[in-house]
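Its first residue numbered 3, the sequence shown is counted upward by one per residue in the working numbering. Here the structure comes first, spelled out in structure tokens, and everything after it is commentary.
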Amino acid sequence: MTWVLATILLPLVGAAVVAGMKKNDHLATLTALVVSLLTFLLVIPMWASYTPSGDRIQQKSSMDWIPNFGIHISFGIDGIALVMIAVIGLLVPIVVGALGLTDKLPAGRSAGGFLSLILVQEALTIAVFAATDVFLFYVLFEIMLIPMYFLIGGYGGANRQYAAVKFFLYSFLGGLIMLASAIGAYSLASDKLGKGSFDWETLVTVVRDAPLGTQIWLFLGFFLAFAIKAPLVPFHTWLPDAAGQAPIGVAVLLVGVLDKVGTFGFLRYCLPMFPDASKELAPWVLVLAVAGVLYGSILAAGQRDMKRFIAYVSIAHFGFIALGIFTFNEQAMVGSVSYMLNHSLATGMLIVVVGLIVMRGGSTRISDYGGMAKVTPLLGGMLLIAGLSTLSLPGTNSFISEFLVLLGSFVDYPVYTIIATVGMVLAAAYVLWLYQRVMQGPVRGDALIGAGGGPGTAMAPELGATKAIKDLGGKEIAILAPMVVLIIALGFYPKPVLDTITPSVQATMSSVQGGK
């Protein structure tokens with residue numbers, strides 16, 4: 003058994019165990035935390051045994067599934083998949099450990115049910131990144147929607163059912179269109195090889211030689227599914243609703259991990275399998291990418307809800323990632339891949355900190371807060387660190403990613419790069435605006451008053467009225483500490499990550515440049 007397969011199976015087994023603990027929330031939480039920590043520990047030998055200069059796909063495992071149609075249950079990793087699996091392994095224990103600190107489960111709902119869905123989501127997401135059979139990837143791409151649907155629809159906010167259905171239908175429809183393209187690629191392999199295959203490495207060598215018109219149609223099927231998942235404008239509308247209604251822990255996984263399946267799909271499937279179509283349609287994709295940067299940044303300014311605010315800022319970031327991918331520049335593409343990791347860390351921490359604020363103030367509305375840093379200075383500091391990482395301040399993890407994207411994309415697409423830079427500056431300004439509104443100025447807001455004093459008090463109450471609101475405790479600091487350490491460590495020393503992903507990016511670039 004490979005380390006990859008072990009990281010998939012362990013959370014599934016843990017989910018089955020935790021699901022049976024419906025009457026003991028404390029034991030269920032402890033068990034889920036142990037399982038998620040063990041899963042993260044498995045990532046360490048997985049990373050240690052990965053050789054960046056070795057084969058493109060490593061730690062392979064495969065078994066027949068539907069042999070008559072050339073379908074296998076096959077897994078393996080490259081450097082890009084490895085870093086995404088690592089960030090999943092890190093975020094899930096944080097989500098589990100934060101349960102009760104950032105989210106209150108609805109009445110009648112057990113922690114066992116919630117946490118079992120989280121563990122299933124972890125296993126399926128790891129499997130999606132590791133799948134090397136295109137049909138298996140499609141199946142996992144669709145199945146991983148199910149636990150997220152129930153997590154949003156069963157444990158979310160007042161409009162959770164609408165948000166869950168919208169999330170599911172958008173992604174499910176995109177997946178069906180991708181299936182049509184996958185079948186088309188299978189047919190091409192059948193015509194050329196005499197037998198069909200869904201093996202990724204086989205399809206890369208076969209489909210890349212197809213006529214441009216055929217490539218374009220097949221590319222569009224995959225691209226649409228990934229553009230919805232990423233999400234790129236105009237396929238983005240499900241994300242603000244889903245992120246706004248999802249519980250905090252679920253929003254961490256949704257915005258921090260699941261969305262990366264879209265940008266990962268561009269790199270793993272669209273570019274290597276359809277190199278000529280990718281180059282032909284790149285200018286149109288870049289228009290969508292830059293539009294997303296501007297649109298997300300501008301819409302963030304009008305948000306009154308902190309969770310929706312983060313969703314729109316993330317839409318801007320995903321546009322920036324797509325810009326780096328479709329400029330076909332190695333530096334820009336390395337920057338985009340590292341941005342996938344660093345966005346997960348920065349946004350994951352930002353969402354957790356917002357959850358801690360909401361649990362104290364009882365509201366997600368920005369206008370319900372003010373001057374919290376006077377009462378909770380540690381919490382204010384954590385929000386500042388997460389915000390600075392989100393806006394890519396030098397010395398934080400996101401800076402090198404953004405710098406590489408700008409440096410690489412400017413070579414061939416200076417106009418797009420300049421426009422995207424303006425959008426990212428706006429997004430940075432809005433992150434600081436969020437911090438200023440929530441943490442600085444006079445202590446104000448009905449939500450804070452209700453937590454620390456009597457309800458119905460006028461705005462800008464005396465500081466003493468909020469003293470009942472406590473600053474971060476030891477458990478909360480322990481949850482946030484790993485992300486703080488990584489944000490600072492990768493800000494000053496990103497070499498381990500860059501060394502891991504660069505050979506995989508070079509292999510992807512080689513596939514694209516080897517087109518017709």
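Beta carbons: idealized from backbone N, C-alpha and C, even for Gly.
Chain-order list of residues whose beta-carbon lies under 6 Å from that of residue i (same chain, five-residue window excluded)
i	result
I218	A279
A291	G321, A324 and L325
S506	D80, G81 and I82
L226	G176 and I179
L343	V85 and V89
P149	L119, V122 and Q123
T504	V336
A375	G382 and M441
P457	Note that P457 scores a pLDDT of 33, beneath 50, so its modelled location is shaky; the value from the coordinates is reported in the next line. Excluding residues within five positions, none has a Cβ falling inside 6 Å.
M3	none
V20	A30, T33, A34, G114, L117 and S118
V355	M384, L385 and A388
H238	I317
F131	A83, M86 and I87
A460	With a pLDDT of 32 at A460, under the threshold of 50, the modelled position of this residue cannot be trusted, and the question is left open.
Residue from the options with nearest C-alpha to residue i
i	options	result
G72	L195, M3 and S112	L195
F143	A113, G264 and L43	G264
G114	V98, T216 and K477	V98
Y52	A430, L12, V209 and A88	A88
V289	K106, I90 and A422	A422
M65	T41, Q515, L29 and L7	L7
P396	I489, K497 and V45	I489
A303	Y314, V355 and D414	Y314
L269	S340, P236 and V235	S340
T502	K281, M48 and W286	M48
I46	P416, W5, Q61 and I128	W5
L296	L283, V287, H319 and N26	H319
S338	L406, V355, I317 and A293	L406
V235	V254, W202 and A293	A293
S63	A430, V287 and H74	H74
T366	T216, A160 and A491	A160
A212	E203, D193 and D414	D193
D414	K24, Y151 and P285	P285
D105	V36, Q60 and I359	I359
V486	G425, V417, D57 and S400	S400
Close beta carbons around residue i, own chain, < 7 Å, minus the five adjacent residues each side
i	result
G466	Model confidence at G466 stands at a pLDDT of 40, short of 50, so the residue's coordinates are unreliable; what they give is reported in the following sentence. Cβ within range, chain order: n/a, list empty.
I154	R162, A165, A166, F169, A244, Q247, A248 and V252
L408	T419 and T423
Counterpart residues of residue i in DSSP-defined beta bridges
i	result
A133	F77
D105	L101
I68	I73
S346	None, per the DSSP bridge assignment.
V201	Here residue 201 turns out to be Asp, not Val, going by the sequence shown. Looking at the DSSP assignment, D201 forms a beta bridge with D135.
Q60	I79
R367	D307
Within 8 Å, strictly: CB atoms of residue i and residue j
i	j	result
T380	L474	According to the sequence as given, residue 380 is Leu; it is not Thr. Going by C-beta atoms, L380 is nearer than 8 Å to L474.
T329	S403	no
L117	A34	yes
Y371	G364	no
S513	P277	yes
L434	S299	no
V206	P274	yes
G110	T41	no
L171	I145	no
Q515	E332	no
A17	F77	no
I1	I96	Outside the displayed span of the chain (3 to 518) sits residue 1, for which this structure offers no information.
S346	G258	yes
C272	F224	yes
I230	G357	no
L14	L44	no
S173	L214	no
G493	T392	no
D261	P233	yes
Y157	L101	no
F221	L283	yes
L255	L93	yes
Same chain, Cβ closer than 8 Å to residue i, neighbours up to 5 away in sequence not counted
i	result
I368	Q305, R306, D307, M308, F311, L436, R439 and V440
K197	G72 and A191
I55	Going by the sequence as given, residue 55 is Ser instead of Ile. The residues are P505.
M511	F330, E332 and M335
*Segment contact flag, the stretch 178 to 189 with the stretch 136 to 143, C-beta cutoff 8 Å, min 3 pairs*: yes
*Give a yes or no on contact between the stretch 381 to 401 and the stretch 344 to 351, applying the rule of three or more CB pairs nearer than 8 Å.*
yes
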